[in-house]
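A.B. asks: When you read off a place in the sequence shown, starting at 1, and then add 30, the result is the number in the numbering used here.
Okay, handing you the structure first.
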Amino acid sequence: MALKKSFSKDKTKCTVTFIVSAEAAKGAQTINIAGDFNSWSSTDTALTKNKDGSFSVKLELDAGREYQFRYLLDGYKWENEWEADKYIPAPYSNADNSVVVCIK
31 MALKKSFSKD KTKCTVTFIV SAEAAKGAQT INIAGDFNSW SSTDTALTKN
81 KDGSFSVKLE LDAGREYQFR YLLDGYKWEN EWEADKYIPA PYSNADNSVV
131 VCIK
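So this is what it looks like as structure tokens:
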């Protein structure tokens with residue numbers, strides 16, 4: 031898994047590419063990402079499956095913020111980002127949420 035970030039020239043936007051490796055996907059057919067940026071919808075933001083078995087999606091987020099998120103594999107298995115900037119305890123479960131920091 032990986033997070034790749036780039037900032038707009040005026041530093042108001044942060045483009046984040048969320049990547050789930052084939053190994054981390056564990057044979058999943060679909061992966062969605064749910065987080066602060068999409069009102070924690072488990073269906074609104076699907077990752078695209080790549081030829082090598084990995085999945086990815088690129089999102090433009092407001093810079094100067096941190097965003098919590100998790101991946102949902104095949105509609106039932108939640109996973110964290112292995113290379114998240116940090117982790118924060120989830121308020122509604124006995125788990126942590128991944129965090130991407132969009133601060134330059």
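Don't be surprised by glycine CBs; every beta carbon is placed ideally from N, CA and C.
Model, not experiment: these values are computed from the prediction.
(1) Less than 8 angstroms between the CB atoms is what I'm expecting for E90 and M31, so what's the real figure, rounded?
(2) Quick one: what's got a C-beta closer than 8 angstroms to W108's C-beta in the same chain, skipping five residues either side?
(3) Could you please give me the residues that DSSP links to L89 through a beta bridge?
(4) Excluding five sequence neighbours on each side, which residues of the same chain lie with their C-beta closer than 7 angstroms to the C-beta of K41?
(5) Just tell me which of K39, S69, T47 has its CA closest to the CA of L33.
(6) Roughly how many angstroms separate the alpha carbons of D74 and S36, rounded to a whole number?
(7) Are the beta-carbon atoms of V87 and I118 separated by less than 9 angstroms?
(8) By alpha-carbon positions, which one of K81, T78, D82, I61 ends up nearest to S72?
(9) If V129 and Y106 are in contact, beta carbons under 8 angstroms, what's the gap, nearest whole angstrom?
(10) On the DSSP letters alone, give me the boundaries of the alpha helix (DSSP H) that E53 sits inside.
C.D. replies: Inspection of the coordinates gives the following:
(1) As a working note, residue 90 is residue 60 in the sequence shown. As a working note, residue 31 is residue 1 in the sequence shown. Their Cβ separation, rounded to whole angstroms, is 20 angstroms, which puts E90 and M31 out of contact at 8 angstroms.
(2) For the purposes of this step, residue 108 is identified with residue 78 of the sequence shown, where counting begins at 1. Cβ within range, chain order: R100, Y101, L102, A125.
(3) If you number the sequence shown from 1, residue 89 lands on position 59. Its beta-bridge partners are V46.
(4) Against the sequence shown, residue 41 aligns to sequence position 11. Cβ neighbours of K41 beyond the five flanking positions: A93, K134.
(5) The count along the sequence shown starts at 1 and reaches residue 33 at position 3. Ranking the options by Cα distance to L33, first place goes to T47.
(6) Reading the sequence shown from its first residue, position 44 is the one you call residue 74. Reading the sequence shown from its first residue, position 6 is the one you call residue 36. Distance between the alpha carbons of D74 and S36: 23 angstroms.
(7) Mapped onto the sequence shown, residue 87 falls at position 57. Mapped onto the sequence shown, residue 118 falls at position 88. No. Outside cutoff.
(8) Counting from one through the sequence shown, the residue named residue 72 turns up at place 42. For the residues K81, T78, D82, I61, the minimum Cα distance to S72 belongs to I61.
(9) Here residue 129 is taken as the residue at index 99 of the sequence shown, counted from 1. Here residue 106 is taken as the residue at index 76 of the sequence shown, counted from 1. Your pair V129 and Y106 does not check out as a contact, with CB atoms roughly 23 angstroms apart and the cut at 8 angstroms.
(10) Position 23 of the sequence shown, counting from 1, holds the residue named residue 53. E53 -> alpha helix (DSSP H) spans 52 to 55.
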